[in-house]
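Count along the sequence shown from 1, add 1203, and you get the number used in this note's numbering.
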Amino acid sequence: MKLDATDLRYITSDEFRVLTAVEMGSKNHEVVPTVLIVKISGLRNGGVNKLLGSLAKRNLVSRVQNARYDGYRLTYGGYDYLAMRALSKRDSVYSVGNQIGVGKESDIYIVADKEGQEMVLKLHRLGRISFRAIKSKRDYMGKRKSASWMYLSRLSAEKEYAFMKVLYEHDFPVPRPVDQARHCILMEFIDAYPLRQIADIPSPGALYSELMDLIVRFARAGLIHGDFNEFNILIRRETGKPVVIDFPQMVSTSHKNAEWYFNRDVECIRRFFKRRFRYESSIYPRFRSIKSEKSGDGSEEWHLDLVVAASGYNQGEQKVLEEYMDNYLQEQARAGSDEESEGSGEGDEDADEEEFEEASSEEDGEVDEAASDKGQQEADGEAEDV
Ligand code: ADP
Ligand code: MG
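As structure tokens, this is what we get:
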């Protein structure tokens, strides 16, 4: 789905009011009844219908007619719009440039502020690929299940932003976080290549140690990245130094599966270095020895997990995301041990492209599933949703 920044400046205040009403109604309704939109917006009935029509034309909402009632759903586009408008209102974003990535669960754009300073905008898109995981866990979605993609995407952005902030403040090599709104985060642009794209380096051993040291440093600070792999490690073009990104799945070292996550991170690096650089080392960190270390070594970094927890993001809500992530990772581990070895197989240089294709081709199907969550028979407009 394309972000349309030009539209941002041309919405009337009544249209905005109606769009916001649809968003509010989405908290409890898969399809927000038109009567409810009228009520929330506080505008005249006839007027609202017209405004909904023009919002639908711009794909910010989509009309759904079913047996029971007439209503509208906020689209990805509408949610993007609301987030972008918030970011632009507070002068964090002025213009939107190229899309530079379609991740498994995100879209990445280059954007700029008024001064032309380039930044990276990450739009979280949970529920696009792994909707199965949520569907099997409807219970704890509670009322929210109706807006699960929106809700989970926002939780994911809030979590990523909270972690990035604390990590950045403690001098971890991560992008500088700039702002966050709804399912979007804004951060420093890193002039770098993902490790995945690097065919050769002068000294693999040095980078290997640096990355393992980083895993250890995270763990000493009470954190495990949880997806520490060649896609989420950027290598600075100028210095060759690693920068770590992608934090929605971070877990605390006191998480019940902490050791499993930790070993997985370590293994990802070992496996990649072996395959890509033919570099193998018998030295790698063990979770238990880190856990058993005594503090008091002057490190002020202990328990960043608690620092993040105390930073004000909603822990209760985050439990939903945590279960989703757990579920997703476990599912990945089960189904994907073969997928993974395929993905990073020797000479398999297009694996990331394959992954990207998969992301976009599955998009429609998965969103459809989301849409039919309540068993509604959809009339039209699905394709424009995404
Ligand atoms: P996902 O959660 O979808 O994997 P990531 O946060 O890993 O999303 O970002 C996907 C890709 O976007 C990265 O592999 C990288 O190429 C690019 N990217 C993300 N953040 C930045 C950044 N701050 N600077 C430069 N490139 C970035
Ligand atoms: Mg990533």
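Idealized CB from N, CA, C, for every residue including glycine. Since the model is a prediction, treat every value here as computed from it, not as a measurement.
Simplified DSSP assignment, three categories, for residue i
i: Glu1321; result: strand
i: Pro1407; result: helix
i: Gln1400; result: helix
i: Tyr1371; result: helix
i: Glu1542; result: Its pLDDT being 45, under 50, Glu1542 is placed unreliably in this model, and the coordinates cannot settle the point.
i: Met1390; result: strand
i: Ala1384; result: strand
i: Arg1594; result: A query on residue 1594 cannot be resolved here, the shown segment of the chain reaching from 1204 to 1589 and no further.
i: Arg1266; result: strand
i: Val1314; result: strand
i: Gln1518; result: helix
i: Arg1439; result: strand
i: Arg1276; result: strand
i: Leu1329; result: coil
i: Ile1337; result: Model confidence at Ile1337 stands at a pLDDT of 49, short of 50, so the residue's coordinates are unreliable and nothing is read from them.
i: Asn1301; result: strand
i: Leu1426; result: strand
i: Gly1281; result: helix
For residue i, the nearest candidate out of the options (CA to CA)
i: Gly1245; options: Glu1233, Asp1468, Gln1268 and Arg1220; result: Arg1220
i: Val1251; options: Ala1224, Gln1268 and Asn1262; result: Ala1224
i: Ala1609; options: Ile1438, Trp1463 and Asn1231; result: Shown here, the chain extends from 1204 to 1589; a query on residue 1609 therefore has no answer.
i: Asn1432; options: Gln1268, Met1353 and Asn1466; result: Asn1466
i: Lys1522; options: Cys1471, Gln1452, Pro1445 and His1506; result: Gln1452
i: Trp1463; options: Leu1426, Phe1434, Glu1496 and Gln1302; result: Leu1426
i: Ser1356; options: Leu1290, Tyr1282 and Met1287; result: Tyr1282
i: Arg1293; options: Ala1384, Tyr1272 and Arg1399; result: Ala1384
i: Tyr1213; options: Arg1261, Ala1512, Arg1481 and Leu1277; result: Arg1261
i: Ile1472; options: Asn1248, Leu1258, Glu1372 and Asp1430; result: Asp1430
i: Phe1375; options: Ala1402, Leu1222, Leu1507 and His1327; result: Leu1507
i: Tyr1364; options: Lys1494, Phe1434 and Pro1380; result: Pro1380
i: Met1405; options: Ala1424, Leu1277 and Thr1442; result: Strictly speaking, residue 1405 in this sequence is Pro, with Met absent from that position. That would be Thr1442, whose Cα lies nearest to the Cα of Pro1405.
CB-CB length for residue i against residue j, believed under 8 Å
i: Gly1300; j: Tyr1312; result: 7 Å
i: Val1377; j: Ser1514; result: Actually they are not in contact, since the Cβ atoms of Val1377 and Ser1514 sit about 15 Å apart, beyond 8 Å.
i: Phe1366; j: Phe1450; result: 4 Å
i: Val1447; j: Ile1436; result: 6 Å
i: Ser1295; j: Leu1329; result: No, Ser1295 and Leu1329 are not in contact; Cβ-Cβ is about 22 Å, not under 8 Å.
i: Ala1286; j: Ser1298; result: Not really, about 15 Å apart at Cβ, beyond 8 Å.
Taking 8 Å as the threshold, find out whether the region 1314 to 1332 comes into contact with the region 1381 to 1394 through three or more Cβ pairs. yes
Below 8 Å, how does it come out for the region 1486 to 1495 and the region 1412 to 1420: are there three or more Cβ pairs, yes or no? yes
Near ligand 1, which residues have their beta-carbon less than 7 Å from any of its heavy atoms, given in chain order? Ile1303, Gly1304, Gly1306, Lys1307, Glu1308, Ser1309, Ile1311, Val1323, Lys1325, Pro1378, Met1390, Glu1391, Phe1392, Ile1393, Ala1395, Pro1397, Phe1434, Asn1435, Leu1437, Ile1448, Asp1449 and Pro1451
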